[in-house]
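Visitor:
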Amino acid sequence: MSPILLNGMGIVNDHSEYIEPEVPFKNPQIHVKNPHLDTMEEDILYHFNLGTKTHNLPEMFGDIKFVCVGGSANRMKSFAQFIHQELALPGNMDDITDICEGTDRYSMYKVGPVLSISHGMGVPSISIMLHELIKLLHHARCIDFVLLRIGTSGGVGLAPGTVVVTDKAVDCFFRAQFEQVVLGKVITRGTELDVGVSKELLQCSSELEDVPTVIGNTMCTHDFYEGQGRLDGALCSFSTEDKLEYLRKAYNTGVRNIEMESTVFAAMCRACGIKAAVVCVTLLNRFDGDQISTPHDVLVEYQQRPQVLVAHFIKKHLGLIV
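Numbered per numbering that gives the first Met the number 0, the sequence shown spans residues 0 to 321.
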């Protein structure tokens, strides 16, 4: 059975699989694909402790041009303080407050035109955050912004400390797609990210010292241990050679790092026409081992590299760097 168009909205194939159409990245506005939102009297962004009736979202967030998300709440607060310094904004960076302090799920900090938000660990956590973030930006009528995920990852054939700008986010079968089960059917969305943003970030890295950067595919898994072929979890059903063979296959398909959020991040951004990028530093080369034994001070410096790169990118866009 060949794929068929379903009311012009997507494709259904013989596996009851819906392939969602994509929105061009050149669209300056968010394309929120939910007609039910227009019929709602109020939209409560529960996990942010925000709402369309309780808060003036356009006034609070309408000037946002850069949204940076990362797993750790503490790291995203540090990033907000770092950006405050880099942009030379008035006031004390230590006075930055958590907009989501009424909830313990996520943390959010606004610094000038930059929004810094934590997303937790793994696909379920970041997907919840992204649904509410995309609606927030929609309700705030934000346009012409860039969404960037910054974080850490395991490297595949790369030296620790290398920053990977994601070309395509791939699943554990090395497919550039994200599958979501909805009402018993599989929704498949593409995970290619904006090429222009990736190239800009790579160019920015060449203008910095000690931020070695490559563009490559990022593999997203649903687990830190078995799902990534680690030998040191509570359960392990494979050999060392099995692990190395899998990593070699991943490398040969273009995978250069592994983490746990990129596919749903890329899929949701692509579906909504949002310019986005994933920028993660590698903390180890998975060919050499599974556990991170690098000294703490070195790890801290590694973790700052994506922040330094993204800050440089933001300052260039704002005209603060020629």
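The beta-carbon is built from N, C-alpha and C at its ideal position, and this holds for glycine as well.
From a predicted model like this one, the values you see are computed outputs, not experimental measurements.
#1: Which two residues bound the contiguous beta strand (DSSP E) that contains residue 79?
#2: Considering only residues of the same chain and omitting the five flanking positions on each side of residue 71, which have a CB-CB separation below 8 Å?
#3: Count Cβ pairs between the region 50-63 and the region 133-153 that sit closer than 8 Å; are there 3 or more?
#4: Measuring alpha carbon to alpha carbon, tell me which residue in 204, 168, 191 and 169 is nearest residue 311.
#5: Do residue 65 and residue 123 come within 8 Å of each other at the CB atom, strictly closer than that value?
#6: What does the Cβ neighbour count give for residue 184, buried or exposed, with the cut at 16 atoms within 10 Å?
#7: Roughly how many angstroms lie between the CA atoms of residue 313 and residue 282, to the nearest whole one?
#8: With C-beta atoms as the reference, is residue 107 less than 8 Å away from residue 98?
#9: Does DSSP classify residue 340 as helix, strand or coil?
#10: Can the beta-carbon of residue 152 be found closer than 8 Å to that of residue 279?
#11: How is residue 290 classed by DSSP in three states: helix, strand or coil?
#12: Between which two residues does the alpha helix (DSSP H) holding residue 313 run?
#13: Any idea if residue 105 is buried or exposed, counting beta-carbon neighbours within 10 angstroms, 16 or more meaning buried?
#14: Measure the CB-CB distance between residue 155 and residue 256 and report whether it falls below 8 Å.
#15: Might you give, ordered along the chain, the residues of its own chain that have their beta carbon closer than 6 Å to the beta carbon of residue 126, omitting 5 neighbours on each side?
#16: To the nearest angstrom, how far is it from the Cα of residue 290 to the Cα of residue 231?
#17: Does the beta-carbon distance from residue 187 to residue 308 come in below 8 Å?
#18: Run through the region 238-277 for me and flag every whole alpha helix (DSSP H) of 4 or more residues, listed as ranges in chain order.
#19: Within 10 Å of its beta-carbon, does residue 45 have 16 or more other beta-carbons around it, so buried, or fewer, so exposed?
#20: Thinking residue 254 and residue 173 are a contact (beta carbons under 8 Å), I'd like their distance in whole angstroms, please.
#21: For residue 29, which residues does DSSP report across the bridge?
#22: Give me the Cα-Cα distance between residue 321 and residue 85, rounded to the nearest whole angstrom.
#23: Would you mind working out which of 199, 180 and 216 sits nearest residue 167, comparing C-alpha positions?
#24: Residues in the same chain with beta-carbon distance under 7 Å from residue 258, minus the five sequence neighbours each way, listed in chain order, please.
#25: Sorted by chain position, which residues of the same chain lie with C-beta nearer than 7 Å to residue 41's C-beta, five sequence neighbours on each side aside?
#26: To the nearest angstrom, how far is it from the Cα of residue 81 to the Cα of residue 88?
#27: Check the DSSP bridge columns for residue 65 and list the partner residues they point to.
#28: Straight-line CA distance for residue 68 to residue 235?
#29: With H, G and I counted as helix, E and B as strand and the rest as coil, what does DSSP make of residue 194?
#30: Helix, strand or coil: which one does DSSP assign to residue 50?
Guide: Looking at the atomic coordinates:
#1: Residue range 72-85 is occupied by the alpha helix (DSSP H) that includes residue 79, with no beta strand (DSSP E) assigned at that position.
#2: Correct list, in chain order: 117.
#3: The region 50-63 is in contact with the region 133-153.
#4: Looking at 204, 168, 191 and 169, the one whose alpha-carbon comes closest to that of residue 311 is 204.
#5: At a Cβ-Cβ threshold of 8 Å, residue 123 and residue 65 do not count as neighbours.
#6: Label assigned to residue 184: exposed.
#7: So the alpha carbons of these two residues sit roughly 24 Å apart.
#8: A Cβ-Cβ contact shorter than 8 Å links residue 107 with residue 98.
#9: Not covered by the structure: residue 340. The range shown for the chain is 0 to 321.
#10: If you check the CB distance, residue 152 and residue 279 come in under 8 Å.
#11: Correct three-state label for residue 290: coil.
#12: From DSSP, the alpha helix (DSSP H) with residue 313 extends over 295-316.
#13: Buried is the call here.
#14: Using a Cβ distance threshold of 8 Å, residue 155 and residue 256 count as a contacting pair.
#15: Apart from sequence neighbours up to five positions away, the residues of its chain that approach residue 126 with a beta-carbon distance below 6 Å are 263, ordered along the chain.
#16: Looking at the two C-alpha atoms, the distance is approximately 8 Å.
#17: Not a contact, by the Cβ cut-off of 8 Å.
#18: Along the region 238-277, the alpha helix (DSSP H) occurs as fully enclosed runs of 4 or more residues at 239-251 and 261-270, listed in sequence order.
#19: Exposed, because fewer than 16 other Cβ atoms sit within 10 Å of the Cβ of residue 45.
#20: Going by Cβ atoms, the distance from residue 254 to residue 173 rounds to 7 Å, so yes, they are a contact pair.
#21: Residue 29 is not bridged to any residue.
#22: When rounded, the distance between both Cα atoms is 15 Å.
#23: Looking at the Cα atoms, 216 is the closest of the given residues.
#24: The residues 150, 152, 217, 219 and 279, in chain order, have a CB closer than 7 Å to that of residue 258 in the same chain once the five nearest residues on each side in sequence are set aside.
#25: Counting only Cβ-Cβ distances below 7 Å, and skipping sequence neighbours, we find 50, 51 and 52.
#26: One Cα belongs to residue 81, the other to residue 88, and the distance between them is close to 11 Å.
#27: For residue 65, which the question treats as bridged, DSSP gives the partners 113 and 145.
#28: Rounded to the nearest angstrom, the gap between the Cα atoms of residue 68 and residue 235 is 32 Å.
#29: Look at residue 194 here: in three-state DSSP terms it is helix.
#30: Note: residue 50 maps to strand in three-state DSSP.
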